[in-house]
Amino acid sequence: MGGQPAPARLKVPQKDLLVFFRQLAVILQSGVPLAQGLILIAENMTNENLSQCVQRISSRLSAGEELSLSLRQYPKVFEPLTIGLIEAGEAGGILEDVLDRIALLLEERAKIRGQIIGALVYPVIVMVLAVSVSLALLIFIVPRFKAMFDGMGAELPALTNFLLELSKFVTSPYFTFGAPLTVLLIMYLFRGYYSTAIGRLNVDKNILKVPLFGDLLRKSEMASMCDTLATLVNSGIPIVDGIERCISASSNELVRRTLRESILLIRQGQELNYSMGRSGVFPKLVISMIKIGEETGQLSFMLEKLAIFYKREVESAVSSLTKAMEPAVVFVVAGIVGTIVIALYLPMFSLITTMGK
365 MGGQPAPARL KVPQKDLLVF FRQLAVILQS GVPLAQGLIL IAENMTNENL SQCVQRISSR
425 LSAGEELSLS LRQYPKVFEP LTIGLIEAGE AGGILEDVLD RIALLLEERA KIRGQIIGAL
485 VYPVIVMVLA VSVSLALLIF IVPRFKAMFD GMGAELPALT NFLLELSKFV TSPYFTFGAP
545 LTVLLIMYLF RGYYSTAIGR LNVDKNILKV PLFGDLLRKS EMASMCDTLA TLVNSGIPIV
605 DGIERCISAS SNELVRRTLR ESILLIRQGQ ELNYSMGRSG VFPKLVISMI KIGEETGQLS
665 FMLEKLAIFY KREVESAVSS LTKAMEPAVV FVVAGIVGTI VIALYLPMFS LITTMGK
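Written out as structure tokens, the structure is:
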């Protein structure tokens, strides 16, 4: 156990955590004591770090500590949302149900995250390939044409001259050493800016304005928030505490900031729909459904319906984004490579035309 990271720094993959909660719910439903069940799970884990973590939690439970308190020792493994749900489950005697809800929540969040990543993989790979092919042409092919053009002695078109100058720059030491340093500098400056409160807010706000992709992110945030809040409210957690845990679960600073402002208004006596609707960040559908839920006493039900709706919207947005990106990426790649090829062969066409005269 000596090689295991300190509890406060330990991290584990979400898929391992999902399996853990699924197994723990089943074991509790079968009547096995919690501490003993944790040992059984730990013995069959493939993730050694999580296995040792679970064994330590089991030891603390055997010493009389509650599960939620034991999980707090591992803040990077068990997020506040998870711990809050478990606290509610312990207080209400519904721990087995809560563990099932946690597993389902993690599963849905992983699914949404996977859909977003999947929508971006294809265009990113194709663009990287396009840049690689373009650099290869500029470094290895264009210089050979330059030698041929010099032998021809003919006046070159502006596009060809530009391409030759670009090739000369790309093959120079300035580019070889300067390009990686520039990329690293930009990444460093961006990381520094994004680490500030105002920087993170500005970046996350503008990301939501990006055509297609911003709409996808907004819908994924709505699906995750509604799903999380519905689960928390169903577990008996007060609405303010539920929103606080939604803040920790959100990845967008604009959404997080809006939820913080909503909490302040709720504590002043305002209703949830009014508190969330003032900013204009949340879609009108979300606000109107929450208002109906508050007026009818069916808030958790309305949140569940919103979560289902936005999960479907995420799937639709992923499909739309993929369909829109495929021709756009092909067009960009064809434009880059085609321009290089045309620039290389323009002088030959000019020479043939001159000879024909």
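Start counting the sequence shown at 365; every next residue gets the next number (the numbering used here). Heads up, the beta-carbon is just placed ideally off N, CA and C, and yes, glycines get one too.
- The beta carbon of CYS610 sits closer than 7 Å to the beta carbons of MET589, THR592, LEU593 and LEU623 from its chain, once the five residues preceding and following it are set aside; these are given in chain order.
- Each of VAL462, LEU445 and VAL650 was checked against the Cα of LEU388, and the nearest Cα belongs to VAL462.
- For ALA399, the uninterrupted alpha helix (DSSP H) run begins and ends at 398–407, by DSSP.
- In this structure, VAL696 sits away from GLN479, with a CB-CB distance that is not shorter than 8 Å.
- Excluding residues up to 5 positions away in sequence, VAL534 lie with their Cβ nearer than 7 Å to the Cβ of LEU499 in the same chain.
- Here the alpha carbons of GLU608 and ALA681 stand approximately 28 Å from one another.
- Look at SER394 here: in three-state DSSP terms it is coil, with no helix or strand label.
- Rounded to the nearest whole angstrom, the CA to CA distance from ALA688 to GLY563 is 30 Å.
- By the criterion of a C-beta distance shorter than 7 Å, PHE577 is surrounded in its chain by LEU685, once the five residues flanking it on both sides are discounted.
- GLY456 counts as exposed, since fewer than 16 other C-beta atoms from the protein chains shown sit within 10 angstroms of its C-beta.
- Distance from the CA atom of GLU412 to the CA atom of PHE554, rounded to whole angstroms, is 35 Å.
- Here VAL376 has ASN411, ASN413, LEU414 and VAL441 as same chain residues with Cβ atoms under 7 Å from its own Cβ, once five neighbours each way along the sequence are excluded.
- Per DSSP, the continuous alpha helix (DSSP H) segment holding LYS569 begins and ends at 561–571.
- In the displayed model, GLY482 falls within a helix according to three-state DSSP.
- Taking C-beta atoms as the reference points, GLU471 and LYS675 fail to come closer than 8 Å.
- When the alpha-carbon of LEU374 is set against those of SER626, ALA494, TYR438 and LYS648, the nearest one is in TYR438.
- If only uninterrupted alpha helix (DSSP H) runs of at least 4 residues are considered, those enclosed by the region 495–539 are 506–516 and 522–534.
- With a threshold of 16 other beta carbon atoms within 10 Å, GLU690 falls short and is exposed.
- The alpha helix (DSSP H) runs lying completely inside the region 571–599 and spanning 4 residues or more are 577–598, given in chain order.
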